[in-house]
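The block underneath contains the structure these notes are about, expressed in structure tokens.
Protein chains: 4
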Amino acid sequence: MDASAPADLTPVMSVEEVNAYLAEVYPQLNEDHTEYRAIAVRPGGCTVRLTAGERHLRPGNTVSGPALFTLADIGGYVCALSHIGREALAVTTNLNINFMRKAEAGNIDGECRILKLGRTLMVFEAAIIAGPDGALVAHATGTYSLPPRGQNVG
Amino acid sequence: MDASAPADLTPVMSVEEVNAYLAEVYPQLNEDHTEYRAIAVRPGGCTVRLTAGERHLRPGNTVSGPALFTLADIGGYVCALSHIGREALAVTTNLNINFMRKAEAGNIDGECRILKLGRTLMVFEAAIIAGPDGALVAHATGTYSLPPRGQNVG
Amino acid sequence: MDASAPADLTPVMSVEEVNAYLAEVYPQLNEDHTEYRAIAVRPGGCTVRLTAGERHLRPGNTVSGPALFTLADIGGYVCALSHIGREALAVTTNLNINFMRKAEAGNIDGECRILKLGRTLMVFEAAIIAGPDGALVAHATGTYSLPPRGQNVG
Amino acid sequence: MDASAPADLTPVMSVEEVNAYLAEVYPQLNEDHTEYRAIAVRPGGCTVRLTAGERHLRPGNTVSGPALFTLADIGGYVCALSHIGREALAVTTNLNINFMRKAEAGNIDGECRILKLGRTLMVFEAAIIAGPDGALVAHATGTYSLPPRGQNVG
Chain Z
1 MDASAPADLT PVMSVEEVNA YLAEVYPQLN EDHTEYRAIA VRPGGCTVRL TAGERHLRPG
61 NTVSGPALFT LADIGGYVCA LSHIGREALA VTTNLNINFM RKAEAGNIDG ECRILKLGRT
121 LMVFEAAIIA GPDGALVAHA TGTYSLPPRG QNVG
Chain U
1 MDASAPADLT PVMSVEEVNA YLAEVYPQLN EDHTEYRAIA VRPGGCTVRL TAGERHLRPG
61 NTVSGPALFT LADIGGYVCA LSHIGREALA VTTNLNINFM RKAEAGNIDG ECRILKLGRT
121 LMVFEAAIIA GPDGALVAHA TGTYSLPPRG QNVG
Chain A
1 MDASAPADLT PVMSVEEVNA YLAEVYPQLN EDHTEYRAIA VRPGGCTVRL TAGERHLRPG
61 NTVSGPALFT LADIGGYVCA LSHIGREALA VTTNLNINFM RKAEAGNIDG ECRILKLGRT
121 LMVFEAAIIA GPDGALVAHA TGTYSLPPRG QNVG
Chain L
1 MDASAPADLT PVMSVEEVNA YLAEVYPQLN EDHTEYRAIA VRPGGCTVRL TAGERHLRPG
61 NTVSGPALFT LADIGGYVCA LSHIGREALA VTTNLNINFM RKAEAGNIDG ECRILKLGRT
121 LMVFEAAIIA GPDGALVAHA TGTYSLPPRG QNVG
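Chains Z, U, A and L, in that order, are what the protein sequence lines are. The numbering of the first sequence is UniProt numbering, which starts it at 1 and goes up by one. The numbering of the second sequence is UniProt numbering, which starts it at 1 and goes up by one. The numbering of the third sequence is UniProt numbering, which starts it at 1 and goes up by one. The numbering of the fourth sequence is UniProt numbering, which starts it at 1 and goes up by one.
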């Protein structure tokens, strides 16, 4: 379905710049380590990763819904940030997530794609992948409200 | 993201069988013509098409949200039907749709993919594509509740 | 939960004005009769009604998902229309609907409430009620993108 | 809209029992303190509370989306737990959340209502309320998959 994605999107920040920015404006995201981080930025999308440990588990010893939601939400934020620049005040207005399979502790990736980058709204999807066979454990779509351009922080 | 789709899905009905079954059990879908129909069935997914006419438009002369919702919903139904057989009583329990661009009258395709085919639930996504450049006009994810197997109608 | 609704909303159109406007700008909504219509407008909300007939049914002889989606979507449109005035170009950007019980043909009401009326977005919920005992058959939440004020059609 | 809620629901656990159970099976929920907890259980619903501190904030010094999502998700879990008993393996299958206003650090309540309690699925909504004037900061609807009854843990 990639043919239907917006064709003319170009990142304006590298993955290193994104992670440095996240650490600066959102220190609460990773309390001690770098559990949530961007690992790739590309035209029209990004990949974010959670290295899930004990504190991300829920009853049943699987990664909790809130931890997967956070990964999807960060994925949308990194999509917006990397494509429009340092807009710390971009905010989620809607996020819908389906949980499909259990994920164990370890690396969990969010493969994110911008579905629309409009003037005031960005719509994205995130496929959450985990395990040795790359199982699709969750899928999210969401909307970010974008600040008026030209008012970049930093 | 196709690598993460369920790998072992096999359709049990052809597109012709699907359309014949829809016409039989759901005659209300197409009042006069065959506006909504399946055009492809494949392992783990399907393509459905709406040939949108005047009666599918809303203010602004664009295809209405309900018409696009119907296409996504039919896409989920065809995914379920073609992969588990003639289960007319499979019902939608949740559908979330994002509308992203305007679509004019004409052919509109729903490219649908099964994200999970479980024992009692099927989760799917539908990318709604329209126009000469194949723009992504809407995107939906939804859940169908599946009847106990072996109680097929038909 | 009504205490948490926006407190300062005032309708600017009556239910008669809303229905006349719908008939004018959205004639496709009701092909022959007045199946979908507003029956009440109040501060912060509205009630819309579908008189469901044969053509709104799906396999199993229950009111179809698309018919209930349409009712919820119309409910959001009437919320926007009645509270900001004749803005025919307000468009749905997201709608999420849960289907919970079967509904038979007859009157089905959408009790709608504005959750937020912002500058560019309106968020609403619709409780879809049917049958002699007023069962909750579906529940939807959605977002409408609002046009810049002062550019009213009409 | 309360008239449309299921009328025959009766809690089988008290709020103290719910909190004790959460602490036992889900110790990761509250790392140091009791930030997320149930404060009321009633027929067909519950109230859950987050006492949001520094670690729940995001850029802009407002309570983060993931913290509000967690509150809504816990609200659904408490609804299920309190009405069907100690079913630690009830799992979220879908959650849709709309973020509407900013919330500052402090007490944030999730007023939760069961929309349907079926044999295999529970659908609920959560109105997230915060601040001195009880503003509606977010609204969520979600689905929990319920385990077969009679296989209670504990």
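Virtual Cβ for every residue (Gly too), placed ideally from N, Cα, C. Just so you know, these numbers come straight off a predicted model, no measurement behind them.
- Minimum Cα-Cα distance from A/E35 among the listed residues A/L50, A/T70, A/G142 corresponds to A/L50.
- Listed along chain Z is no residue with a C-beta nearer than 8 Å to that of L/Y144; the closest approach is about 10 Å.
- Per DSSP, U/D8 is not a residue of any beta strand (DSSP E), being assigned neither H nor E.
- In this structure Z/T10 is exposed. Its beta-carbon is surrounded by fewer than 16 other beta-carbon atoms within 10 angstroms.
- L/G106 counts as exposed, since fewer than 16 other beta carbons sit within 10 angstroms of its beta carbon.
- For the beta strand (DSSP E) assignment, the uninterrupted runs of no fewer than 3 residues enclosed by the segment 33-90 of chain L are, from N- to C-terminal side, 36-42, 45-52.
- Listed along chain U are N96, I97, N98, F99, each with a C-beta nearer than 9 Å to that of A/N94.
- For A/P59, a Cβ of chain U is located within less than 8 Å of the residue's own Cβ.
- Ranking L/H83, L/L89, L/T93 by CA distance to the CA of L/E17 puts L/H83 first.
- In the structure shown, A/A20 falls within a helical segment according to DSSP collapsed to helix, strand and coil.
- Under the DSSP definition of a beta bridge, U/T93 lacks any partner.
- Taken through DSSP and simplified to helix, strand or coil, A/L136 comes out as strand.
- Distances from the alpha-carbon of Z/L81 to those of Z/G45, Z/D8, Z/V137 put Z/G45 closest.
- Counting only Cβ-Cβ distances below 9 Å, Z/L121 has contacts in chain A at T93, T120, L121, S145, in chain order.
- Nearest Cα to Z/I39 within the set Z/Q28, Z/L57, Z/A20, Z/V25: Z/A20.
- Shown in chain order are the members of the segment 61-78 of chain U whose Cβ falls below 8 Å from a Cβ of chain A: S64, G65, P66, F69, T70, D73.
- In the structure shown, the three-state DSSP call for Z/L146 is coil.
- Contact between A/L115 and L/H139 holds: CB atoms are separated by about 6 Å, below the 8 Å threshold.
- Taking a beta-carbon distance threshold of 8 Å, A/V18 does not count as an interface residue toward chain U.
- With a threshold of 8 Å between beta carbons, U/V25 makes contact with chain A.
- Relative to the Cα of A/R101, the nearest Cα in the group A/V91, A/G110, A/L136, A/D73 belongs to A/L136.
- Counting only Cβ-Cβ distances below 8 Å, U/L89 has contacts in chain A at P59, G60, in chain order.
- Burial state of L/N94 is buried, judged by a 10 Å Cβ sphere holding 16 or more other Cβ atoms.
- A buried status is given to L/R113, since no fewer than 16 other beta-carbon atoms sit within 10 Å of its beta-carbon.
- The alpha carbon of U/S64 has as its nearest neighbour, out of U/R37, U/I97, U/G85, the alpha carbon of U/I97.
- Distance from the CA atom of L/V15 to the CA atom of L/G85, rounded to whole angstroms, is 12 Å.
- The beta-bridge partner set that DSSP reports for Z/N98 consists of Z/H139, L/N94.
- Note that the C-beta distance between L/L71 and L/G134 is not below 8 Å.
- The Cβ atoms of L/G118 and L/T92 do not sit closer than 8 Å to each other.
- With respect to Z/R58, L/Y144 sits apart: the two C-beta atoms are not nearer than 8 Å.
- Burial check for A/V41: the Cβ neighbour count within 10 Å reaches 16 or more, so the residue is buried.
- Contact check for L/P66 against Z/D73 passes: the beta carbons are separated by less than 8 Å.
- For L/T51, not one C-beta of chain A is nearer than 8 Å to its own C-beta.
- Taking 8 Å as the threshold, the shortest C-beta distance from A/L9 to chain L does not fall below it.
- Beta-bridge partners assigned by DSSP to U/V123: U/K116, U/T143.
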